[in-house]
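Worksheet: the structure to be examined is printed underneath.
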Amino acid sequence: MIKPQLLEFMRRMDPNSVAIIPAARESVRSHDTHYRYRQNSDFFYLTGFEEPDAIAVVAPAKEKKFTLFVRPRDREREIWEGYRAGVDGAVSDYSADEAFPLSEFDEKLAEILDGPSALYYAFGHTTPEMDQKIIRQLTLMRETNRKPLEPPQTIVDPSSIIHEMRVFKSSEEIEIMQRAADIAAEAHVEAMKAVRPRMKEYEVEALIESIFRRHGSAGPSYTSIIGSGANATVLHYISNQGTLRDGDLLLVDAGAEYQGYASDITRTFPINGKFTQAQRDIYDLVLTTQMSCIDMVRPGVRLEDLKTHSIEMLTEGMVNLGLLKGEPAKLIEEKKYMQFYMHNLGHFLGIDVHDAGRYYFKGESRPAEPGMVMTIEPGLYISPDTSNIPEEFNKDVPEKYLGIGVRIEDDVLVTENGARVLTHKVPKDAGEIEALMAIK
Ligand code: GLY
Ligand code: MN
Ligand code: MN
Numbered sequence: 006m007i008k009p010q011l012l013e014f015m016r017r018m019d020p021n022s023v024a025i026i027p028a029a030r031e032s033v034r035s036h037d038t039h040y041r042y043r044q045n046s047d048f049f050y051l052t053g054f055e056e057p058d059a060i061a062v063v064a065p066a067k068e069k070k071f072t073l074f075v076r077p078r079d080r081e082r083e084i085w086e087g088y089r090a091g092v093d094g095a096v097s098d099y100s101a102d103e104a105f106p107l108s109e110f111d112e113k114l115a116e117i118l119d120g121p122s123a124l125y126y127a128f129g130h131t132t133p134e135m136d137q138k139i140i141r142q143l144t145l146m147r148e149t150n151r152k153p154l155e156p157p158q159t160i161v162d163p164s165s166i167i168h169e170m171r172v173f174k175s176s177e178e179i180e181i182m183q184r185a186a187d188i189a190a191e192a193h194v195e196a197m198k199a200v201r202p203r204m205k206e207y208e209v210e211a212l213i214e215s216i217f218r219r220h221g222s223a224g225p226s227y228t229s230i231i232g233s234g235a236n237a238t239v240l241h242y243i244s245n246q247g248t249l250r251d252g253d254l255l256l257v258d259a260g261a262e263y264q265g266y267a268s269d270i271t272r273t274f275p276i277n278g279k280f281t282q283a284q285r286d287i288y289d290l291v292l293t294t295q296m297s298c299i300d301m302v303r304p305g306v307r308l309e310d311l312k313t314h315s316i317e318m319l320t321e322g323m324v325n326l327g328l329l330k331g332e333p334a335k336l337i338e339e340k341k342y343m344q345f346y347m348h349n350l351g352h353f354l355g356i357d358v359h360d361a362g363r364y365y366f367k368g369e370s371r372p373a374e375p376g377m378v379m380t381i382e383p384g385l386y387i388s389p390d391t392s393n394i395p396e397e398f399n400k401d402v403p404e405k406y407l408g409i410g411v412r413i414e415d416d417v418l419v420t421e422n423g424a425r426v427l428t429h430k431v432p433k434d435a436g437e438i439e440a441l442m443a444i445k
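Structure representation (structure tokens):
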């Protein structure tokens, strides 16, 4: 059956138009070996087809509305690389109205571009070769004015439709995302139970990702961040080579990709199973902020208002802890909180971990609406390195907080009644974490 997403895309296209949507290419890892293939997110969303190099041509006004150009069946290549659907499979298994071998795309391009008044193609987002091919063909057709050719007058970025569609998840997509969340939640719980002083960060990474794979996940939906001690203050720490030290915290930011959809969870917990008072000060501030932001999620709340709320709560808390000095309102106005809270509150989540879709329209923050899935992930990061703090920031950071990094991240679905937390199965209350870690 044709994917409902493709039908909806056609419905939203200009009636007399054509879209050319290429799949992702394979990418070389070294010499003649490749990275494990991952389909282009928009292509996957519209077609569900997971082979490299294909091209989808979508023309809602035509009798043949959906054409796929694919790698043909090839006994020799299939011995090395595995099964290909080929042109017959593209029609029978992926509901294309017709399909051709990729090698025929160039000669059919003139025909594809002759007639529709608009072309949907994402220049700059596929390959320079494909961009060039389309530009060359359009130029040729525009210059051939003594033949009855009608190349498109308008070129539209298809993501203006596709990315807006991707912001709202269907019930089938939500079911898959719940599974991606459950797999990641199980991995985080197992990590909390397994962690001990002297382990390596990469051992925790291995444990988490083995659980992802055991459940049929393709693997992590982004490179897992396993940061112990001061490594947790590096926002995109991914080397994961450090040794877990008694008395430090461990920040684990890891999510699974399952059937093409991402989860994204962060938990921060004590390596020896017990928070120190200084760690609790920071942890509880981040946690109450995170939970309060989740409480605010409901249709109509502007995404920027959630972020502002997190800034207000964290700034006030930081003043109480002596991390910032002064009036909260002034500290916010002067963005002084950015010394310790320097990233956004969250992001859309879906096929991409930082998913498609616009956060602003005409400069205005968009409101939350049912069907959106997003992360809520405030954090505080107190670098141990006080040697290069810029002039405008507080140089007098209480020593007991140096080297502490805390982030707490959940995935939430916006419903009519508020937030549904997809990742609720991993504890985040400090007492609950300590109780879980005590069961060794
Ligand atoms: N792990 C990436 C993020 O949390 O946005
Ligand atoms: Mn995230
Ligand atoms: Mn994350």
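Just so we're aligned: the sequence shown equals residues 6 to 445 in this note's numbering.
By construction, the Cβ of each residue, glycine as well, lies at the ideal position given by its N, Cα and C atoms.
Classify D286 as buried or exposed, calling it buried when 16 or more other Cβ atoms lie within 10 Å of its own Cβ.
Counting Cβ neighbours within 10 Å, D286 comes out buried, since at least 16 surround it.
Is there at least one non-hydrogen atom of ligand 2 closer than 7 Å to the beta-carbon of H193?
H193 Cβ: outside cutoff for every heavy atom of ligand 2.
Neighbourhood of A24 by C-beta distance below 8 Å, restricted to the same chain and skipping five residues each side:
Excluding residues within five positions, the ones whose Cβ falls inside 8 Å are F14, M18, A61, V62, V63, A64, L124, Y125, Y126 and P163.
Own chain residues within Cβ distance below 6 Å of K69, not counting five before or after:
D102 and E103, listed in sequence order.
Quick one, are the C-beta atoms of S226 and D187 less than 8 Å apart?
Not in contact: S226 and D187 (Cβ atoms no closer than 8 Å).
Kindly confirm or deny that the stretch 248 to 257 and the stretch 397 to 417 touch, where touching means at least three C-beta pairs closer than 8 Å.
Touching, yes, given that three or more Cβ pairs across the two stretches are closer than 8 Å.
Residue environment, P375, which counts as buried when at least 16 other CB atoms sit within 10 Å:
Exposed.
Under 8 Å: do the stretch 167 to 185 and the stretch 360 to 376 share three or more Cβ pairs, one atom per stretch?
Output reads yes: the stretch 360 to 376 touches the stretch 167 to 185.
Taking the alpha-carbon of S388 as reference, which of P372, M379, A373 and K405 has the nearest alpha-carbon?
Nearest of P372, M379, A373 and K405 to S388, Cα basis: K405.
Beta-carbon proximity check, P156 vs L114, cutoff 8 Å:
No, these two residues do not count as a Cβ contact at 8 Å.
Considering only heavy atoms of ligand 2, does any lie closer than 7 Å to the CB of D269?
Because some heavy atom of ligand 2 lies under 7 Å away, the Cβ of D269 counts as near it: yes.
I think I179 touches L418, with their Cβ atoms under 8 Å apart; what is that distance to the nearest whole Å?
By a beta-carbon distance limit of 8 Å, I179 contacts L418. Their separation comes to about 6 Å.
Quick one: residues in its chain with C-beta nearer than 8 Å to the C-beta of Y342, no 5 flanking neighbours on either side, listed in chain order?
I316, L319, T320, M323, L329 and L336.
Between the C-alpha atoms of D300 and V426, what's the straight-line distance to the nearest angstrom?
C-alpha of D300 to C-alpha of V426: approximately 10 Å in a straight line.
Beta-bridge pairing of M204 - partner residues as DSSP gives them
Checking the DSSP bridge columns, you'll see M204 has no partner listed.
Going by the CB atoms, is the gap between V378 and F353 shorter than 8 Å?
Going by C-beta atoms, F353 is nearer than 8 Å to V378.
N-terminal and C-terminal residue of the alpha helix (DSSP H) that R171 is part of
In the DSSP assignment, R171 falls within the unbroken alpha helix (DSSP H) covering S164 to V172.
Put V92 into one of helix, strand or coil per three-state DSSP.
When DSSP states are grouped into helix, strand and coil, V92 belongs to the helix group.
Leaving out five residues on either side along the sequence, give the residues of the same chain with a beta carbon under 7 Å from the beta carbon of G278.
The residues are E439, M442 and A443.
Per DSSP, F71 is paired with what?
Under DSSP, F71 takes part in a beta bridge, and its partners are V63.
Are there any heavy atoms of ligand 5 lying less than 7 Å away from the beta-carbon of G252, as far as the coordinates show?
By its list of ligands, the structure shown excludes ligand 5, since it contains just ligand 1, ligand 2 and ligand 3.
Would you kindly work out how many angstroms separate the C-alpha atoms of G260 and S229, rounded to a whole number?
G260 and S229 have their alpha carbons spaced roughly 7 Å apart.
Suppose the cutoff is 8 Å on Cβ atoms and the five residues either side in sequence are ignored; what does the same chain contact list for L51 look like?
Closer than 8 Å at Cβ, skipping near neighbours: K8, Q10, L11, F14, I26, A61, V63 and I167.
So is H193 buried or exposed if we call it buried at 16+ other beta carbons inside 10 Å?
Burial state of H193 is buried, judged by a 10 Å Cβ sphere holding 16 or more other Cβ atoms.
Count the other CB atoms within 10 Å of the CB of E339; is the residue buried (16 or more) or exposed (fewer)?
An exposed status is given to E339, since fewer than 16 other beta-carbon atoms sit within 10 Å of its beta-carbon.
What's the gap between the Cα of R203 and the Cα of Y263?
If I take the Cα positions, the gap works out to 32 Å.
With a threshold of 16 other CB atoms inside 10 Å of the CB of D416, please say whether the residue is buried or exposed.
Flag for D416 reads buried.
Taking the C-alpha atoms as reference points, what is the distance between Y231 and V302?
The sequence as given places Ile at residue 231; Tyr does not occur at that position. A straight-line Cα-Cα distance of about 28 Å links I231 and V302.
If contacts are defined as beta-carbon pairs under 8 Å, then P77 and V92 qualify, I think. What distance do you get, rounded to the angstrom?
By a beta-carbon distance limit of 8 Å, P77 contacts V92. Their separation comes to about 6 Å.
So, is I216 buried or exposed, given that buried needs 16 or more other C-beta atoms within 10 angstroms?
Label assigned to I216: buried.
Is it buried or exposed for Q344, if we count other Cβ within 10 angstroms and need 16 for buried?
Looking at its Cβ environment, which holds 16 or more other Cβ atoms inside 10 Å, Q344 is buried.
What is the C-beta distance between S46 and I356, in whole angstroms, given that I count them as a contact (C-beta under 8 Å)?
Confirmed, Cβ separation roughly 4 Å.
Distance, D434 Cα to G265 Cα
Going by the C-alpha atoms only, they are around 30 Å apart.
Kindly identify the DSSP beta-bridge partner or partners of G327.
G327 is not bridged to any residue.
Evaluate P403 with the Cβ neighbour count: other Cβ atoms within 10 Å of its Cβ, from every protein chain shown; 16 or more gives buried, anything less gives exposed.
Here P403 is exposed, its C-beta having fewer than 16 other C-beta atoms within 10 Å.
Are the beta-carbon atoms belonging to V75 and A59 less than 8 Å from one another?
With contacts defined as CB atoms closer than 8 Å, V75 and A59 qualify as a contacting pair.
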